[in-house]
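In the working numbering, the protein residues as written are 62 to 333. Using N, Cα and C, we set each Cβ at its ideal position, and we do this for glycine too. Heads up, the thing below is written out as structure tokens.
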Ligand code: SAM
């Protein structure tokens, strides 16, 4: 269903939604841009979508216009009246929950198979991403479409042997295939944030057999905790890791950032 909605600037003004810095509120007002973000997961007709941080509801409406059934969690109760108005236009397809996305049980709220779409404050987004990548596999979500600071997005998709490659890259890439779907300049947001942003889309990958996620976490923490040091020094933090690396034929004079995701997977499997 397509609708001719009131401009978001007016909705924000009418509800007195001055942007809160503490809640990381940088709103996107351009309906065409919001429709392009809502299209990133693919067709949402009849699909479940879990949206985090709907704010005044711009992206929420774009998701509803794309035919999705949306469950949205918003922490700022000032936004609820604007979202309530949206619910009048889509009475059967929108559920709004007031709450902190870091504390809710998404699986219960959104249900298995939901696509996650969120334009969130960066620190909340990274915490949620790491949580969603570390749970049981296959995960409860079908895909993740998340906004990050551009620098964080670049770290997520970075290949080994690059400055941006690190724990976040391995955490994302050993269980999913992340790609940067869109880059946004600061001026796409009101108010403009300090840095540019990017939307990253993740599809879950098959989990490599025999790898314990907790072991992978400890291994990458040890390896990248001292990223300028050779593995023979940094891996001492993790009993058995150095021996396992040598048994695999990995030169322990290498540094963590030269190890590919596949090598991390092999090492984590040997230690699991
Ligand atoms: N989705 C809107 C858009 O694209 O214009 C708003 C995006 S704004 C960057 C982030 C939104 O997340 C705000 O509405 C903020 O109140 C909300 N938020 C911040 N922390 C949250 C949390 N822990 N749980 C749920 N919502 C949160």
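Looking at residue 67 and the ligand SAM, is the gap between the Cβ and the nearest heavy atom below 7 Å? No, Cβ of residue 67 sits at least 7 Å from all heavy atoms of the ligand SAM.
Are the beta-carbon atoms belonging to residue 271 and residue 228 less than 8 Å from one another? Inclusion of residue 271 and residue 228 in the CB contact set at 8 Å is not warranted, their separation being larger than that value.
Is residue 199 close to the ligand SAM? I mean its beta-carbon at under 7 Å from any heavy atom of the ligand. Every heavy atom of the ligand SAM is 7 Å or more from the Cβ of residue 199, so no.
What is the C-beta distance between residue 334 and residue 263, in whole angstroms, given that I count them as a contact (C-beta under 8 Å)? This structure does not reach residue 334, given that the chain is present from 62 up to 333, and the question cannot be answered.
Does the Cβ of residue 178 have 16 or more other Cβ atoms within 10 Å, making it buried, or fewer, making it exposed? So residue 178 counts as buried.
Report buried or exposed for residue 260, applying the criterion of at least 16 other Cβ atoms within 10 angstroms of its Cβ. Counting Cβ neighbours within 10 Å, residue 260 comes out buried, since at least 16 surround it.
Reference residue 202; option with closest CA among 298, 136 and 167: Proximity to residue 202 across 298, 136 and 167 peaks at 167, based on C-alpha coordinates.
Less than 8 Å between C-beta atoms, sequence neighbours within five positions excluded: which residues of the same chain meet that for residue 138? 159, listed in sequence order.
Helix or strand or just coil, what does DSSP make of residue 208? Residue 208: strand per DSSP, three-state reduction.
With distances taken from CA atoms, which of 111, 106, 133 and 140 is nearest residue 126? Ranked by how close their Cα comes to the Cα of residue 126, the residues 111, 106, 133 and 140 have 106 in first place.
Between residue 63 and residue 171, what straight-line distance do the alpha-carbon atoms span, to the nearest angstrom? Note that residue 63 scores a pLDDT of 49, beneath 50, so its modelled location is shaky and nothing firm can be said.
Apart from the five residues on each side of it in sequence, which residues of its chain come closer than 8 Å, Cβ to Cβ, to residue 320? Cβ within range, chain order: 221, 284, 292, 311 and 328.
Helix, strand or coil at residue 162 according to DSSP, with G and I counted as helix: Three-state DSSP puts residue 162 in coil, outside helix and strand.
Neighbour-count burial assignment, residue 153, 16 or more Cβ in a 10 Å radius: Classification of residue 153: exposed, given that the 10 Å Cβ count is below 16.
Could you check whether the segment 229-240 touches the segment 67-82, counting it as contact only if at least three pairs of C-beta atoms, one from each stretch, sit closer than 8 Å? With the cut-off at 8 Å, the segment 229-240 and the segment 67-82 do not touch.
According to the Cβ coordinates, are residue 250 and residue 130 closer than 8 Å? No, the pair does not count as a contact, with Cβ atoms beyond the cut-off.
By Cβ distance below 7 Å, which residues in the same chain neighbour residue 94 in space, the five residues on each side in sequence not counted? Cβ neighbours of residue 94 beyond the five flanking positions: 249.
Nearest by alpha-carbon distance to residue 305: which of 156, 287, 333 and 289 is it? Among 156, 287, 333 and 289, the Cα nearest to that of residue 305 is on 333.
Is DSSP giving residue 129 helix, strand or coil here? Of the three classes helix, strand and coil, the one that applies to residue 129 here is coil, per DSSP.
Considering only their Cβ atoms, is the gap separating residue 80 from residue 112 smaller than 8 Å? Not closer than 8 Å, so no.
Does DSSP put residue 274 in a helix, a strand or coil? Residue state, collapsed to three classes: helix.
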